[in-house]
Amino acid sequence: MATTWYDATNERLLSPAAKAQARCGRPVLCGSLCAVQGLIGGALHGIEREFDTNEEQEELIVAGTKFGAVPGAFLGAVLMLAYGRRLCIALDSIPYVVGPVMMALASEWWVLVLGRDVVGMGVGISAIVVPAYLGEMSPARTRGTIVSIYEEMLG
């Protein structure tokens with residue numbers, strides 16, 4: 000049985016070339032978003048030495064990404080409805096660039112927290128927009144599997 004691919008964003012059937020491009024883009028998108036979130040536990044000893052932080056400050060540094068993800072999810076929903084899924088995913092790259100630059104240039108512990116907050120905004124936006132985009136772009140037969148694999152890769 001042949002699968003018909005439908006582009007819900009532009010309301011048209013996809014050509015064979017567009018189908019191939021859509022198939023190739025999904026793993027890259029999922030893998031890149033999962034790799035960016037990273038782990039902080041291994042860096043805490045270096046952060047403690049570099050910034051002379053206490054336990055409460057380290058807790059804020061660790062939680063910074065989560066603090067940014069909550070408003071990021073709401074922002075992602077608003078952006079997605081206003082500008083569409085594709086543009087929102089493209090705009091979502093901004094926090095993933097700005098946040099690490101802030102952290103790399105941080106001279107105080109609170110700048111590190113702000114950088115992690117900015118990355119968290121990107122995580123929150125991604126958590127809302129990417130599953131919606133994958134669900135719309137996937138063929139009906141594999142839609143649940145593709146979105147589930149994306150969610151599982153994050154967990």
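Per numbering that gives the first Met the number 0, the sequence shown starts with residue 0, numbered consecutively. From the three backbone atoms N, C-alpha and C, an ideal C-beta is built for every residue, glycine too. Keep in mind the model is a prediction, meaning the values are calculated, not measured.
**Asked** For Asp116, does the three-state DSSP call read helix, strand or coil?
**Response** Residue state, collapsed to three classes: helix.
**Request:** Just mark Ser147 as buried or exposed, buried being the case when its beta carbon has 16 or more other beta carbons within 10 Å.
**Result:** With a 10 Å radius around the Cβ and a threshold of 16 neighbouring Cβ atoms, Ser147 comes out exposed.
**Prompt:** Where does Gly48 sit, in a helix, a strand or coil, going by DSSP?
**Reply:** Checking the sequence shown, residue 48 turns out to be Arg, not Gly. Here Arg48 sits in helix by DSSP.
**Asked** Taking Val155 as the reference, which of Leu78, Arg140, Val112, Val96 has the closest Cα?
**Response** This structure leaves residue 155 out entirely; the chain is present only between 0 and 154.
**Prompt:** In three-state terms, what does DSSP make of Ala68?
**Reply:** Assignment of Ala68 by DSSP, reduced to helix, strand and coil, places it in the helix class.
**Message:** So Gly123 and Gly45 are supposed to be a Cβ contact under 8 Å. How far apart are they, rounded?
**Reply:** Separation of the CB atoms of Gly123 and Gly45 is rounded to 26 Å, and the pair is thereby denied contact status at 8 Å.
**Message:** Within 10 Å of its beta-carbon, does Ala38 have 16 or more other beta-carbons around it, so buried, or fewer, so exposed?
**Reply:** Per the sequence shown, the amino acid found at residue 38 is Leu instead of Ala. Per the 10 Å Cβ criterion, exposed.
**Prompt:** Do you know offhand how far Leu111's Cα is from Arg140's?
**Reply:** The C-alpha of Arg140 is placed about 44 Å away from the C-alpha of Leu111.
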